[in-house]
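Enquirer: Protein chains in written order, with the working numbering: chain A, -10 to 355; chain B, -10 to 355; chain C, -10 to 355.
Here a beta-carbon is modelled for each residue, glycine too, at the ideal position from N, C-alpha and C.
Computed from a predicted structure; not experimentally measured.
After the structure tokens below, expect a handful of questions from me.
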Amino acid sequence: MAEKSLTVREIAAEVGGEGEGDLERPIEDVKPIAEAGPRDITFVANQRYEQEFARTLAGCVVIPSKLANGDRRTVIRHANPYLAFAKLVALLRPPAPRPAPGVHPSAVVAPSARLGRDVAIEAGAVVAEGASVGDRATIGALAYVGPGASVGEDARLYPRAVIYHGVSLGKRVIVHSGAVVGSDGFGYASDPTTGRHEKIPQVGTVVVEDDVEIGANTTIDRAVLGATRIGRGTKIDNLVQIAHNVEIGPDSLLVAQCGISGSTRLGRGVIVAAQAGIVGHIDLGDRAIVAASAGVTKDVAAGEAVLGQPAIPIEDGRRAYALIGRLPEIKKAVAALEKRLTKLEEAAATEDAAGKGEESRDRGAM
Amino acid sequence: MAEKSLTVREIAAEVGGEGEGDLERPIEDVKPIAEAGPRDITFVANQRYEQEFARTLAGCVVIPSKLANGDRRTVIRHANPYLAFAKLVALLRPPAPRPAPGVHPSAVVAPSARLGRDVAIEAGAVVAEGASVGDRATIGALAYVGPGASVGEDARLYPRAVIYHGVSLGKRVIVHSGAVVGSDGFGYASDPTTGRHEKIPQVGTVVVEDDVEIGANTTIDRAVLGATRIGRGTKIDNLVQIAHNVEIGPDSLLVAQCGISGSTRLGRGVIVAAQAGIVGHIDLGDRAIVAASAGVTKDVAAGEAVLGQPAIPIEDGRRAYALIGRLPEIKKAVAALEKRLTKLEEAAATEDAAGKGEESRDRGAM
Amino acid sequence: MAEKSLTVREIAAEVGGEGEGDLERPIEDVKPIAEAGPRDITFVANQRYEQEFARTLAGCVVIPSKLANGDRRTVIRHANPYLAFAKLVALLRPPAPRPAPGVHPSAVVAPSARLGRDVAIEAGAVVAEGASVGDRATIGALAYVGPGASVGEDARLYPRAVIYHGVSLGKRVIVHSGAVVGSDGFGYASDPTTGRHEKIPQVGTVVVEDDVEIGANTTIDRAVLGATRIGRGTKIDNLVQIAHNVEIGPDSLLVAQCGISGSTRLGRGVIVAAQAGIVGHIDLGDRAIVAASAGVTKDVAAGEAVLGQPAIPIEDGRRAYALIGRLPEIKKAVAALEKRLTKLEEAAATEDAAGKGEESRDRGAM
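Dropping the structure here:
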């Protein structure tokens, strides 16, 4: 995969790190730490991979600024090795294949659709009436852009992404395969006498702001009225569910298989870990953190972290949930105490009775 | 978005509510409560939005029959404001775009497929051999109807829905993008000596009855034999998993990311909330309710509501699960009791020993 | 659906079981136990279905070797009735429709793609530049095989499966509709000052070994570097999430809606039940078992089974988690003990005070 060769010194300069060791060593590729050889660079993001660091055959390793380097390997120290890695890949690897501009003859673009300059529409894609696709955007194979939907400049829809009618995607938005943006919210008015559910038309839309990334097979429902909104720079993993009228602030992270119920609002920089669920109609403040698998049932304040089902503040929660495993022991302890206490009580009662006896005798003696 | 103008009086009559205030006021659109202006109508479904009701600039608000209206706003009182809202949208908003009848030239319809009257087959859709599509049904762009599958009258498949071979969809069924109906059930016979898993052919099918709605990227597996069955009027949200041979009664609601394991049966009007999971081979009675994130491991009686992992009756469950957060405190209380009890026991033992001493002295004195 | 007729004797020989009763009885089809008639065979996999066994009208029933047959029905005894059933279906049912070899005229196959012999490419499928499809493989309708991806011999992609660029699928791999293999891992370097998330290019790939089955709408992310790897014979259910750089050994089972976080490694024959979640960077040993809905936060040893959130060994876990429901009772018991203990302490204190009083009097008397 080697495209070119750079010295450790050149790489250190490019990624903004501090080289140490053989700065003239030529590096050709970036590889996983276990596979890297003398002409490869790799990285250690944290302490956890210390052993791998000791064993790697890599020609150079990007390490955290303060990691010990007892073996005096050739390294580049960096405040954020993971970020440095992002730059290494851009330096040393060919970019992922990106389709050349043009409309594939098998694609179906409605006459009223507006395509910007240098747009790429891959095989079998469908762009419906009144839709617009911004300059340099890519509509992947078999993807669908519905009537009146708009796709921003430099956006990329991977094969088979679906954008429903009227949905708006900002600039540089990435939508992975199978994601569905703009499906109907789950809204029914139930008739208490017949038990039947009448569909509430979902006539709102979805607004996805600039620089959002949406994972594979994730679903984002359109609002019943108004808009479901995903803030600038927010990143959404695979198989996430975002219900109607949810509003998510900028720079939030939603990890795989989490779900946000209707009308809930997330602030800026919120993190929702994998498989967590959040009920509807609540607020999560800026930089709130929801741990994996948590079930959030009420507001979370800005900066607060919660854990568990039901979710509670994380410091308490870690201790509390870890104690579930000790419940049999706690229950046993309570039963043992009960027994010992009963014994003491009986002893006391006997003594007391004896005492009372004495006392009555005493009284009798009075 | 205004299509026409109606008076509050006319709207009240149409939605079956009771107008109050300026009944001749003209209304042009329905909007979210925070965005509505003097020519818009909006609604308040419950108490929770009382403050928004107080602040809205809407020309008219649909409110629950008994909500106080201290500010004497122009309102329409209605037993079910959410249901009224469904009617408002139909009155005031243009319907969502629905493709015109006809087969798009890029669609592929097998010669042996049967298409009803006024069917719309959008761009890139595939209708396989022996499939049938009922009158006025829509097969969305890039959707797939497998060999021998049947789609009922007035059904709507959104773009990229997939119906496997032989599956049957009733009338007015709605299938959102990315949903897969009829994929193989997860069935293997495992060889205990080699550890290998031999695939059990899944030769059954799926029957989806009339008026069912299936959310985006939901999966419903075909039966190993016989049929997986979704009862009339049941509504299924996004990313739901329904395993082989599951049977769901009519008018049930399955909320996002819940999962029903193989051969489990749900009655009529059952509600399974978001992210709940239900094991295989059990029964949930009519109108049973499973709370969000619950893990149901045994039968649930008709009308019963359960919560938690493992799921227990909801009244007990709410109290019980809330106590997890207090486990550290409970454990501490037990430890403190233990300590106090030990102290008492020691005191008692000393006293007892003293008593015994006295007694023996007494005896010695005999 | 009857294709032919076989006697009970012939069927017993074919499936390797022991016939009992009317061995010359003709059998034409295999049906669910509740629907089977005198010319059908059915099966009972376990004790649980004893009642159905007693009531069935089936001409023959495959039963576990040691099940009682008090009614002297015509049966075939078999060590693994479910496995026998797999063979019955192959014997008595026509195989599921499989497209005839050939490239549908509406499919788009890039000039540089390599197709093996007897390959079937269905309507609307897209095979990109440099991709290869092995002999007798099927690419379903509207499925996508990305640039440079390879599909092994006899593999089957169901309609609308997506294989990203460079991904490799082994022989006989089955990919159901909507599954996405090779989407970008969820990797960002976050800038602590701006709060923005910079995308880490995901330049690795996914390797899916022979005989793997991947369920509908499941997502498997490509590695950041190197490969996400699914071992030979592993079976993955619907809506499963497998993150970047995960490695799964052979013959494992991943049930619906479970999720495996980045860089976690599963051994051979591991079972992850429905909706379970596993954190990143940990190891699950061979034949480890993760119960449904469990949240695994640390390594699981070979052969160990875990349950709960957080997950703990299953024997402890079952008892422990069942006690959550009894927490109100435990808390009450602790409060009652507290009260009783206080009373005893007070009594002891009084007595002690009395005793001390006596003692001091005694001393005073010295």
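What is the rounded straight-line gap between the Cα of Ala68(C) and the Cα of Ile0(C)?
Expert: Each residue's Cα considered, the two are about 15 Å apart.
Enquirer: Thinking just about the alpha-carbon of each residue, which of Ala73(A), Ala281(A), Asp275(A) is nearest to the one in Ala262(A)?
Expert: Of the listed residues, the one whose Cα sits closest to Ala262(A) is Ala281(A).
Enquirer: Three or more beta-carbon pairs under 8 Å between the segment 329 to 336 of chain A and the segment 317 to 336 of chain B, yes or no?
Expert: As far as the Cβ criterion goes, the segment 329 to 336 of chain A touches the segment 317 to 336 of chain B, which means the pair count is three or higher.
Enquirer: Got a sec? Which residues, its chain only, sit under 6 Å from Val235(C) by beta carbon, not counting five neighbours each side?
Expert: Thr217, Ile249, Thr253, listed in sequence order.
Enquirer: Specify the secondary structure class of Pro83(B) as computed by DSSP and reduced to three states.
Expert: Three-state result, Pro83(B): coil.
Enquirer: Can you give the Cα-Cα distance for Ala338(C) and Ala325(B), rounded to whole angstroms?
Expert: Ala338(C) and Ala325(B): Cα-Cα distance of roughly 18 Å.
Enquirer: Which chain B residues sit within Cβ distance under 7 Å of Gln191(C)?
Expert: In chain order: nothing, as chain B lies at least about 22 Å away.
Enquirer: Going by the beta-carbon positions, is the gap between Ala150(C) and Ser166(C) smaller than 8 Å?
Expert: Yes, they are a contact pair.
Enquirer: How many Å lie between Lys185(A) and Arg82(B) at the Cα?
Expert: Inspection of the sequence shows that residue 185(A) is occupied by Arg rather than by Lys. Computed Cα separation, rounded: 24 Å.
Enquirer: Would you call Lys(-7)(B) buried or exposed, if buried means 16 or more other Cβ atoms sit within 10 Å of its Cβ?
Expert: The residue is exposed, with fewer than 16 neighbouring Cβ atoms inside 10 Å.
Enquirer: Could you pull out every residue in the same chain whose Cβ sits closer than 7 Å to the Cβ of Pro90(C), ignoring the five residues on either side in sequence?
Expert: Taken in chain order, the residues that qualify are Asp107, Val108, Ala109.
Enquirer: For Gln264(B), tell me which candidate among Leu273(B), Ile225(B), Ala290(B) has the shortest Cα-Cα distance.
Expert: Ranking the options by Cα distance to Gln264(B), first place goes to Ile225(B).
Enquirer: Which ranges would you report for the alpha helix (DSSP H) in the segment 279 to 326 of chain B if only whole runs of at least 4 residues count?
Expert: As far as the segment 279 to 326 of chain B is concerned, its whole alpha helix (DSSP H) runs of at least 4 residues are 303 to 311.
Enquirer: Is the separation between the beta-carbon of Val162(C) and that of Gly135(C) shorter than 8 Å?
Expert: No. Outside cutoff.
Enquirer: Name the residues in the segment 293 to 317 of chain C whose C-beta lies less than 8 Å from a C-beta of chain B; which are they?
Expert: Within the segment 293 to 317 of chain C, the residues whose Cβ lies closer than 8 Å to some Cβ of chain B are Gly297, Gln298, Tyr310, Ala311, Ile313, Gly314, Arg315, Leu316, Pro317, listed in chain order.
Enquirer: Using the C-alpha atoms, what's the distance from Val50(C) back to Gly174(A)?
Expert: Between Gly174(A) and Val50(C), the C-alpha separation is close to 46 Å.
Enquirer: Do you know how far the Cα of Ala290(C) is from the Cα of Ile52(B)?
Expert: Roughly 58 Å between the two C-alpha positions.
Enquirer: Could you list which residues in chain A have their beta carbon closer than 9 Å to that of Ile319(C), in chain order?
Expert: By Cβ distance, chain A contributes Leu316, Ile319, Lys320, Val323.
Enquirer: Taking Lys76(C) and Val4(C) to be in contact with their CB atoms under 8 Å, please state how far apart those CB atoms are, rounded to whole angstroms.
Expert: About 4 Å separates the two Cβ atoms, so the contact holds.
Enquirer: Tell me which residues share the same chain as Ala85(C) and place their Cβ nearer than 7 Å to its Cβ, disregarding the 5 neighbours each side in the sequence.
Expert: Correct list: empty, nothing qualifies.
Enquirer: Tell whether a beta-carbon distance below 8 Å holds between Gly159(A) and Tyr147(A).
Expert: No.
Enquirer: Can you check which of these residues, Ala43(C), Leu(-5)(C), Val170(C), Val195(C), is closest to Asn204(C) by C-alpha distance?
Expert: For the record, residue 204(C) in the displayed sequence is Gly; it is not Asn. It is Val170(C) whose Cα lies nearest to the Cα of Gly204(C).
Enquirer: With DSSP as the reference, please indicate the residues paired to Glu9(C) in a beta bridge.
Expert: Partner(s): Val64(C).
Enquirer: Run through chain A and tell me which residues come within less than 8 Å of Ser121(C), C-beta to C-beta.
Expert: Per Cβ cutoff of 8 Å: no residues; Ser121(C) is ~15 Å from chain A at best.
Enquirer: Let me know the secondary structure DSSP gives Phe74(C) once reduced to three states.
Expert: Helix, per DSSP.
Enquirer: Can you tell me which residues form a DSSP beta bridge with Thr223(B)?
Expert: DSSP, once it has assigned bridges, lists no residue as partnering Thr223(B).
Enquirer: With the cut-off set at 8 Å, would you say Gly238(A) and Gly256(A) are in Cβ contact?
Expert: Yes, Cβ-Cβ distance for Gly238(A) and Gly256(A) is below 8 Å.
Enquirer: Starting from His270(A), find everything on chain B with Cβ-Cβ shorter than 8 Å and list it in chain order.
Expert: Under the 8 Å cutoff, chain B gives Arg37.
Enquirer: Any C-beta of chain B sitting closer than 8 Å to the C-beta of Pro148(C)?
Expert: Yes, Pro148(C) counts as interfacial toward chain B.
Enquirer: Exposed or buried, which one is Glu202(A) when buried takes at least 16 other CB atoms within 10 Å?
Expert: Burial call: buried.
Enquirer: Tell me whether Leu330(B) sits in a helix, a strand or coil according to DSSP, three-state version.
Expert: If DSSP states are grouped into helix, strand and coil, Leu330(B) belongs with the helices.
Enquirer: According to DSSP, is Phe175(A) part of a helix, a strand, or is it coil?
Expert: Of the three classes helix, strand and coil, the one that applies to Phe175(A) here is coil, per DSSP.
Enquirer: Assign Gln264(C) to one of three DSSP states: helix, strand, or coil.
Expert: Correct three-state label for Gln264(C): coil.
Enquirer: Taking 6 Å as the limit between beta carbons, can you name the residues of its chain near Ala336(B), skipping five residues before and five after?
Expert: The answer is none, since no qualifying residue turns up.
Enquirer: Please confirm if Asp351(B) has its CB atom under 8 Å from at least one CB of chain A.
Expert: With a pLDDT of only 44 at Asp351(B), under 50, the local geometry of the prediction cannot be trusted, and no value is derived from it.
Enquirer: So with Cβ pairs under 8 Å, would you call Val279(B) a contact of chain C?
Expert: No, its Cβ sits nowhere closer than 8 Å to a Cβ of chain C.
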